[in-house]
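Q: Per our numbering, numbering of the sequence shown is gapless, rising by one per residue and ending at 153.
Note that CB positions come from ideal geometry on N, CA and C, so glycine has one too.
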Amino acid sequence: MSAKKVKISSKSTSVVILSLLLIFFALPHTLEDFATGEPAKAGVPIFVLTYVIASIFALQGLGIFWLGRRLRRGYIVHIFLGLFWPIAAGATQLPAILSGSPYRSGFISVFFVGGMIVIGILLFLISVLTLRTERSK
Numbered sequence: 017m018s019a020k021k022v023k024i025s026s027k028s029t030s031v032v033i034l035s036l037l038l039i040f041f042a043l044p045h046t047l048e049d050f051a052t053g054e055p056a057k058a059g060v061p062i063f064v065l066t067y068v069i070a071s072i073f074a075l076q077g078l079g080i081f082w083l084g085r086r087l088r089r090g091y092i093v094h095i096f097l098g099l100f101w102p103i104a105a106g107a108t109q110l111p112a113i114l115s116g117s118p119y120r121s122g123f124i125s126v127f128f129v130g131g132m133i134v135i136g137i138l139l140f141l142i143s144v145l146t147l148r149t150e151r152s153k
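1) Should S35 be listed as close to the ligand ATP, given that the test is whether its C-beta is under 6 Å from any heavy atom?
2) Is the beta carbon of L31 sitting closer than 7 Å to the one on H94?
3) Thinking C-alpha only, which one of L97, G106, A74 and Y91 is nearest S28?
4) Relative to the C-alpha of G131, which residue among L110, S117, Q76 and A58 is closest?
5) Quick one: residues in its chain with C-beta nearer than 8 Å to the C-beta of I69, no 5 flanking neighbours on either side, listed in chain order?
6) Between the segment 33-46 and the segment 57-76, do three or more beta carbon pairs fall short of 8 Å?
7) With distances taken from CA atoms, which of L139, G84, T66 and R89 is nearest E48?
8) Between the alpha carbons of I80 and A107, how many angstroms are there, rounded?
9) So, using beta-carbon positions, are F63 and L99 closer together than 7 Å?
10) Along the alpha helix (DSSP H) that carries P55, what are the first and last residues, could you check?
11) Return the CA-CA distance between P102 and G136, expressed in angstroms with no decimal places.
12) I'd like the list of long-range same chain contacts for G53, defined as Cβ closer than 6 Å, with 5 residues on each side in sequence excluded.
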């Protein structure tokens with residue numbers, strides 16, 4: 017069984033860069049979640065959440081690896097991640113940010129959430145565009 021390979025393009029490089037930027041925003045935000053006790057406040061067992069988050073980061077690394085191997089599934093992983101992170105960050109954090117009361121550590125906390133949303137959406141769009149471009153060749 018042979019996996020479908022795609023040509024490495026500047027769009028592929030953009031997907032990798034955006035994926036790394038997404039880690040840059042998501043990791044500190046996730047650490048801040050744990051430091052402020054957000055999972056416990058929501059009733060989520062920390063043990064479960066740590067493994068879920070670690071699995072998501074591992075999947076992201078695997079997606080980058082697959083892109084390096086020129087496999088289409090790398091784009092599919094990044095399409096999923098490009099949807100997951102902005103939806104998760106937006107649904108859980110935007111109501112608190114938009115409420116008008118101070119949000120966690122101030123600007124830097126809002127910056128992490130905003131970065132996750134913007135970079136995640138860009139990652140989704142570039143991954144879809146690149147996958148469609150590669151598929152039509």
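A: By the coordinates alone:
1) The ligand ATP is absent from the structure shown, which contains no ligand whatsoever.
2) Reading off the sequence, residue 31 comes out as Val, not Leu. Against a cut-off of 7 Å, the Cβ pair of H94 and V31 comes out as a contact.
3) For S28, the closest alpha carbon among the candidates L97, G106, A74 and Y91 is that of Y91.
4) The candidate whose alpha carbon is nearest that of G131 is L110.
5) Closer than 8 Å at the Cβ level, and outside the excluded window around I69, lie T46.
6) Result yes; three or more Cβ-Cβ pairs closer than 8 Å.
7) Minimum Cα distance to E48 is reached at T66.
8) One C-alpha to the other measures close to 26 Å.
9) Against a cut-off of 7 Å, the Cβ pair of L99 and F63 comes out as no contact.
10) If you look at P55, you'll find it in the alpha helix (DSSP H) that goes E54 to K57.
11) Answer to the nearest angstrom: the Cα atoms are 6 Å apart.
12) Closer than 6 Å at Cβ, skipping near neighbours: no residue.
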